[in-house]
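Visitor:
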Amino acid sequence: GDGRLELVEADMLMPDTFPPLLEGCLTLVHTATPIDIPLNGKSPRQNGTSRRTVEERQIKPAVEGTIDLLEAAAVAGITKVVLTSSIASCRFSPNPSPVIDEASWSDVEFMKSKLMDSPVAAYALAKTQQELEATRLCKEKGMRLAVINPACVLGPTIEVNGSSFGLTIMEQLFNGEGSPFEMNHKKDTLPDAFKGWCDVREVSEAHVKAVEQADAEGRYLIYSTDAHYAEVVRMMRVHPGLFDQPYVPINSRDGVMTGNPAKFDNTKARKLGVKFIDFEKTITDSTSILVQSGRLPKRHQRPIAPNNFFGLMSALFREQFLVFLGALLVCFVAFGIALCAMRMWFELFMAILRVLTGGNFVPDGFFRDQQP
Numbered sequence: 019g020d021g022r023l024e025l026v027e028a029d030m031l032m033p034d035t036f037p038p039l040l041e042g043c044l045t046l047v048h049t050a051t052p053i054d055i056p057l058n059g060k061s062p063r064q065n066g067t068s069r070r071t072v073e074e075r076q077i078k079p080a081v082e083g084t085i086d087l088l089e090a091a092a093v094a095g096i097t098k099v100v101l102t103s104s105i106a107s108c109r110f111s112p113n114p115s116p117v118i119d120e121a122s123w124s125d126v127e128f129m130k131s132k133l134m135d136s137p138v139a140a141y142a143l144a145k146t147q148q149e150l151e152a153t154r155l156c157k158e159k160g161m162r163l164a165v166i167n168p169a170c171v172l173g174p175t176i177e178v179n180g181s182s183f184g185l186t187i188m189e190q191l192f193n194g195e196g197s198p199f200e201m202n203h204k205k206d207t208l209p210d211a212f213k214g215w216c217d218v219r220e221v222s223e224a225h226v227k228a229v230e231q232a233d234a235e236g237r238y239l240i241y242s243t244d245a246h247y248a249e250v251v252r253m254m255r256v257h258p259g260l261f262d263q264p265y266v267p268i269n270s271r272d273g274v275m276t277g278n279p280a281k282f283d284n285t286k287a288r289k290l291g292v293k294f295i296d297f298e299k300t301i302t303d304s305t306s307i308l309v310q311s312g313r314l315p316k317r318h319q320r321p322i323a324p325n326n327f328f329g330l331m332s333a334l335f336r337e338q339f340l341v342f343l344g345a346l347l348v349c350f351v352a353f354g355i356a357l358c359a360m361r362m363w364f365e366l367f368m369a370i371l372r373v374l375t376g377g378n379f380v381p382d383g384f385f386r387d388q389q390p
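Right, here's the structure in full:
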């Protein structure tokens, strides 16, 4: 950072450490919130986690830590706050908005009622309450607030061996281990569900734009696409290191995608200047990190559900070289069958011509009188 970047340590549960860290700053970008979502897709009750533990690990650091930080920011003279919230504060509701946008809010009482029976209710409640408290405090203290609400964040890490919650989700999906967001997972299958996604580079750009633009204020939805889990895995399989891996079937009655993607409106983020990245590039770049770091592939037997010729070849031969030999063999067989068919039709055509010409047709295509 050419001397412009200074890294200091802070603890969200130790508010006394905040004031000296904020001294001389005009803008605060608050991104810290723990993600305590069980990777097995089970609820706190199913995992034997108490309500008190859930509140201590997920809700208290997010909500109380934010309150203490913003109180200290106001005292330090901060004039603008950029808060990283989540799509979780927009759509956890018994009656979600038909179109997700900045006006969509999760239902606090509904989340509280589901706290012990949903793997994501605690996180959604923490982010919603955090955002509500930040809105209240910034209004009271006269600080401008811009909130970034990303969907599930994918994309490459800075270092090859870096990790992220999004990359872990991709790894689990590819290995047939389900998604942390979906309950009642059947082993070695993909959840039959759509999910909202975005790219970490979009989220980063949104934060920078929100800091740089003086009039940036309110919520900004960073939501680039809504895609089925099977679509994510399909795009991952394009990578040369993964294309020969066994298919993981969709956990649905007929093994096909059901339902529809959610509708969303990210117009405000686009007006902020966020350039949304093609989703296939997001998956390609993320998959490259997983392969380069050795996290994928994990070669082991799983149910095979080939849905096209390429999938059938992979299922039959597994390894790339054998897939090539198999494809070559199929081509030779098909070519042989085509030659036989052409010969048969040629012979038939010649026989018809001989009948029509009284036997005077010769192969060079000319007719001639019979010799005495």
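Numbering of the sequence shown is given in the working numbering, commencing with residue 19 and proceeding in unit increments. Glycine included, each C-beta is placed from N, C-alpha and C at the ideal position.
Are there 16 or more other CB atoms within 10 angstroms of the CB of Lys145, so buried, or fewer, so exposed?
Guide: It is buried - the Cβ of Lys145 has at least 16 other Cβ atoms within 10 Å.
Visitor: Specify whether the region 247–254 and the region 295–308 touch according to this definition: at least 3 beta carbon pairs, one from each stretch, less than 8 Å apart.
Guide: yes
Visitor: Using CA atoms only, rank isn't needed, just tell me which of Ala90, Lys286 and Met188 is closest to Glu41.
Guide: Ala90
Visitor: What residues match up with Lys281 in a beta bridge as DSSP calls it?
Guide: Bridge partners of Lys281: Val117.
Visitor: Using DSSP bridges, identify the partner residues of Ile268.
Guide: Leu208
Visitor: Can you look up Ala245 in the DSSP assignment and give me helix, strand or coil?
Guide: strand
Visitor: Can you name the start and end residues of the alpha helix (DSSP H) that Cys156 belongs to?
Guide: Its alpha helix (DSSP H) spans residues Ala139 to Lys159.
Visitor: Using the DSSP secondary-structure output, state which residues sit across from Pro48 in a beta bridge.
Guide: Reading off the sequence, residue 48 comes out as His, not Pro. DSSP, once it has assigned bridges, lists Leu101 as partnering His48.
Visitor: DSSP on Trp363, reduced to helix/strand/coil?
Guide: When DSSP states are grouped into helix, strand and coil, Trp363 belongs to the helix group.
Visitor: Could you tell me the distance, in whole angstroms, from the CA atom of Glu189 to the CA atom of Asn167?
Guide: Going from the Cα of Glu189 to the Cα of Asn167 covers about 24 Å.
Visitor: With H, G and I counted as helix, E and B as strand and the rest as coil, what does DSSP make of Leu39?
Guide: helix
Visitor: Grab the span of the alpha helix (DSSP H) containing Leu88 for me, first residue to last.
Guide: Start and end: Lys78 to Ala94.
Visitor: Using a threshold of 9 Å, state whether the C-beta atoms of Ile412 and Ala280 are closer than that.
Guide: Here the chain covers residues 19 to 390 and nothing more, so residue 412 does not appear.
Visitor: Using 8 Å for Cβ pairs, my map puts Asp244 next to Phe282. What's the rounded Cβ distance?
Guide: 7 Å
Visitor: Only counting the same chain, and skipping five residues up and downstream in sequence, which positions put a Cβ closer than 6 Å to that of His203?
Guide: Gly59 and Gly196
Visitor: Expressed to the nearest angstrom, what Euclidean distance is found between the alpha-carbon atoms of Leu374 and Met362?
Guide: 19 Å
Visitor: For the alpha helix (DSSP H) containing Leu185, name the first residue and the last one.
Guide: Phe183 to Phe192
Visitor: Is the number of C-beta pairs between the region 215–234 and the region 132–144 that are closer than 8 Å three or more?
Guide: no
Visitor: Just the C-alpha distance for Lys159 and Leu88, rounded to the nearest angstrom, thanks.
Guide: Between Lys159 and Leu88, the C-alpha separation is close to 9 Å.
Visitor: Name the residue from Lys293, Ala152, Arg288 and Val292 whose alpha carbon lies nearest to the alpha carbon of Val47.
Guide: Val47 has its Cα closest to that of Ala152, out of Lys293, Ala152, Arg288 and Val292.
Visitor: Give me, in chain order, the residues of the same chain whose beta-carbon lies closer than 6 Å to that of Leu25; leave out the 5 immediate sequence neighbours on both sides.
Guide: none
Visitor: Restricting to Cα atoms, I'd like to know which of Tyr241, Val229, Ile307 and Val171 is closest to Leu101.
Guide: Val229
Visitor: Measuring straight from C-alpha to C-alpha, what distance separates Glu73 and Lys130?
Guide: Going from the Cα of Glu73 to the Cα of Lys130 covers about 11 Å.
Visitor: For Asn278, which option in Lys286, Asn284, Gly214 and Lys293 has the closest C-alpha, if you only look at C-alpha atoms?
Guide: Of the candidates Lys286, Asn284, Gly214 and Lys293, the one whose C-alpha sits nearest the C-alpha of Asn278 is Gly214.
Visitor: Just verifying my parser: in three-state terms, what is the DSSP assignment at Ile355?
Guide: helix
Visitor: Would you tell me roughly how many angstroms separate the C-alpha atoms of Asp206 and Leu191, rounded to the nearest one?
Guide: 9 Å
Visitor: Have a look at Leu208 and Ser107 and give me their C-alpha separation to the nearest angstrom.
Guide: 26 Å
Visitor: Pull up the distance between the alpha-carbon of Gly259 and that of Gln310, whole angstroms please.
Guide: Here the alpha carbon of Gly259 sits roughly 9 Å from the alpha carbon of Gln310.
Visitor: In this structure, does DSSP put Leu31 in helix, strand or coil?
Guide: coil
Visitor: Please report how far the alpha carbon of Arg154 lies from the alpha carbon of Thr175, in whole angstroms.
Guide: 34 Å
Visitor: If Asn65 and Pro56 are in contact, beta carbons under 8 Å, what's the gap, nearest whole angstrom?
Guide: 6 Å
Visitor: Looking only at DSSP bridge pairs, what is Gly236 linked to?
Guide: Ala164
Visitor: Return the chain-ordered list of same chain residues with a C-beta closer than 6 Å to the C-beta of Lys98, the five sequence neighbours on each side being excluded.
Guide: Thr45 and Arg162
Visitor: Can you list, in chain order, the residues of its chain whose CB lies under 7 Å from that of Ala323, leaving out five sequence neighbours each side?
Guide: Note that Ala323 scores 46 on pLDDT, short of 50, meaning its location in the model is unreliable; the coordinates nonetheless yield the value given after this. Hits under 7 Å: Tyr265, Pro267 and Gly273.
Visitor: Do you know offhand how far Tyr247's Cα is from Phe212's?
Guide: 6 Å
Visitor: Once DSSP output is grouped into helix, strand and coil, what is the label at Gly312?
Guide: Residue state, collapsed to three classes: coil.
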